[in-house]
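Residue numbers (my numbering): 3 to 153.
Don't be surprised by glycine CBs; every beta carbon is placed ideally from N, CA and C.
In structure tokens form, the structure reads like this:
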């Protein structure tokens, strides 16, 4: 089974990346893995604070994921898989691909504004040969109708 890997974050363009991956997976009998990364620098260490912060971050991620998962289950009929990791998002994305041999495509959303930076994409393009699968870039300003038409 081919899996589409999408990075879950708080960006607007994440929604289109998830929509695209879900619709493609539904049409190709694939699956969707949603990767959420807790940046290591957001966790303060010492006296049990780190565990509390990790727990709060996980709760926030799971609530965010459930909004997307509910749509994925009802609309394209996909049961997504959530993976939560801690560290640098680009490095954790590469690590997830290395650990899951069924991942066939990475789907990333692109910000509609020209000033928007995507540090994960920047990191992946610095060494494109390190990525063992294709990247699909989904513009964040595509309409739902256009996404449906191209998937």
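Can you name the start and end residues of the alpha helix (DSSP H) that residue i belongs to?
{"i": "residue 126", "result": "121-128"}
{"i": "residue 91", "result": "91-101"}
{"i": "residue 63", "result": "51-76"}
Counting C-beta neighbours from all protein chains within 10 Å, is the total for residue i 16 or more, i.e. buried, or is it exposed?
{"i": "residue 134", "result": "exposed"}
{"i": "residue 10", "result": "buried"}
{"i": "residue 5", "result": "buried"}
{"i": "residue 15", "result": "buried"}
{"i": "residue 21", "result": "buried"}
Would you call the CB atoms of residue i and residue j closer than 9 Å?
{"i": "residue 150", "j": "residue 25", "result": "yes"}
{"i": "residue 88", "j": "residue 62", "result": "no"}
{"i": "residue 38", "j": "residue 86", "result": "yes"}
{"i": "residue 54", "j": "residue 91", "result": "no"}
Kindly indicate which three-state DSSP category residue i falls into: helix, strand or coil?
{"i": "residue 146", "result": "helix"}
{"i": "residue 114", "result": "coil"}
{"i": "residue 14", "result": "coil"}
{"i": "residue 105", "result": "strand"}
What's the gap between the Cα of residue i and the Cα of residue j?
{"i": "residue 128", "j": "residue 111", "result": "18 Å"}
{"i": "residue 131", "j": "residue 125", "result": "12 Å"}
{"i": "residue 42", "j": "residue 95", "result": "14 Å"}
{"i": "residue 83", "j": "residue 152", "result": "24 Å"}
Within the continuous beta strand (DSSP E) that includes residue i, where are the two ends?
{"i": "residue 87", "result": "83-88"}
{"i": "residue 133", "result": "Residue 133 -> no beta strand (DSSP E), and no H or E assigned at all."}
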